[in-house]
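Undergrad: Take a look at this one; I'll ask things after.
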Ligand code: FA5
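In the numbering used here, the protein residues as written are 3 to 353.
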């Protein structure tokens, strides 16, 4: 049996010399070291041997097993190295190829247009003031001259928050940025209640309305409010400021128009439209009628001035509120407002 074990070892080592890949190596392992290999049978038969033979055969079988396992490990390593060398010998590196471009992030068109508007108004001397998105009925409506039950509230369908016990002053998602006018005036008037400082601010932010969504209406959109209060401010200042903004944003050829309108918090009031230059005023998918309604505007109502802490017999002011997405639609020729929040990369990557 000792001779048989030696023959087995010689035969296995000789066979291993011819193994050239992983599959053949596995077949070799099964044949010489596997559970039904001759070597494993010898281990099973040890119990049948005489007392003298058993330790000798057992020792020899263990030595053969160790030799074969070591040979298997080194052949496996040799095969791995050979495969690597083969791969490296065929691999080519072309250092003249252009590099792979990195996917660069970019600013959302909404952020781009907002930053452009901030810059334009900064150059005209306006500061930025931000106020809260969750408002009270008092600030969103009552202090802006929309008393409870006023029909003009229907112009802005509202999301109310389900917070009980607030009576006539429920919480809501602001429907416009105009409540910021009261916050801003009160903050400034508190600095010097007898003689409040002049105001020249823009108030940007997200607003929410329970709207029927279509190409020009979203339930969530940005507005940019503007407010200027001081002695002797007139409607001409308002027209000049908005026309100048349009020219700076769209170029000197931009055409604008004011249409008489109504808001409870301005008197007189006007809608502010910019002529669509996608279609040159003929009417298209972006504008509908040739003009795109950008926002509302007007002279701050005396009641609102008083609610803000400014005496309407000494101060006058103008205010405006734009739809920021509407401006971006005109500027970039975007035909549908719903693209803004869909997060579709095919849209976003165009900016
Ligand atoms: C207002 O919200 C007034 N607070 C604006 C204002 C401020 C008037 C200061 C006077 C003085 P209006 O509801 O018209 O007004 O909205 C203003 C602008 O927001 C609209 O002209 C339009 O450009 C934009 N807008 C209104 N509703 C939507 C909507 N659902 N989706 C996208 N943009 C809208």
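The beta carbon of each residue, even a glycine, is placed where N, CA and C say it ideally should be.
How far does the alpha helix (DSSP H) with residue 313 in it extend, from its first residue to its last?
TA: That residue, residue 313, is in no alpha helix (DSSP H); it is neither H nor E in DSSP.
Undergrad: I want to check one thing, is the minimum distance from the CB of residue 328 to the heavy atoms of the ligand FA5 below 7 Å?
TA: Checking every heavy atom of the ligand FA5 against the Cβ of residue 328, one is found closer than 7 Å.
Undergrad: Pick from 138, 281, 229 and 301: whose alpha carbon is nearest that of residue 263?
TA: Per the Cα distances, 301.
Undergrad: Quick test of the definition: if touching needs 3 or more C-beta pairs under 8 Å, does the region 308-322 touch the region 230-238?
TA: Touching, yes.
Undergrad: Can you tell me whether DSSP reads residue 220 as helix, strand or coil?
TA: Correct three-state label for residue 220: coil.
Undergrad: Got a sec: does the ligand FA5 put a non-hydrogen atom nearer than 7 Å to the Cβ of residue 132?
TA: Outside the cutoff, so no.
Undergrad: Among 134, 157, 249 and 53, which one has its Cα closest to the Cα of residue 206?
TA: Checking every option, the nearest Cα to that of residue 206 belongs to 134.
Undergrad: Less than 8 Å between the beta carbons of residue 142 and residue 303, yes or no?
TA: Their beta carbons are not under 8 Å apart, which means residue 142 does not touch residue 303 by this criterion.
Undergrad: Determine the extent of the alpha helix (DSSP H) in which residue 212 is found, giving its start and end residues.
TA: Unbroken run through residue 212: none, as it is neither H nor E.
Undergrad: Can you check whether the CB of residue 241 is closer than 8 Å to the CB of residue 267?
TA: The answer is no: Cβ separation not under 8 Å.
Undergrad: For the alpha helix (DSSP H) that contains residue 258, what are its first and last residues?
TA: It is not in any alpha helix (DSSP H) - residue 258 instead sits in the beta strand (DSSP E) that spans 258-265.
Undergrad: With DSSP as the reference, identify every bridge partner of residue 206, one or two as the case may be.
TA: BP columns for residue 206 point to 226.
Undergrad: Over what stretch of residues does the beta strand (DSSP E) that includes residue 69 continue unbroken?
TA: That residue, residue 69, is in no beta strand (DSSP E); its alpha helix (DSSP H) goes 55-92.
Undergrad: If you draw a straight line from the alpha carbon of residue 277 to that of residue 188, how long is it in whole angstroms?
TA: Each residue's Cα considered, the two are about 36 Å apart.
Undergrad: Run the CB neighbour count on residue 67, radius 10 Å, all protein chains shown included, and call it buried at 16 or more, exposed below.
TA: Buried.
Undergrad: Of the residues 279, 270 and 238, which one's Cα is nearest the Cα of residue 254?
TA: Considering only alpha carbons, the answer is 279.
Undergrad: Any chance the region 337-347 sits against the region 206-221, with 3 or more Cβ pairs inside 8 Å?
TA: In short, these stretches touch, since the Cβ pair count reaches three.
Undergrad: Expressed to the nearest angstrom, what Euclidean distance is found between the alpha-carbon atoms of residue 59 and residue 42?
TA: If you take the alpha carbons of residue 59 and residue 42, they lie about 12 Å apart.
Undergrad: Is the closest heavy atom of the ligand FA5 to the C-beta of residue 219 under 7 Å?
TA: True, at least one ligand heavy atom lies under 7 Å from that Cβ.
Undergrad: At 4 residues or longer, what runs of the alpha helix (DSSP H) sit wholly inside the region 102-173?
TA: Fully enclosed alpha helix (DSSP H) runs of 4 or longer: 111-125 and 139-142.
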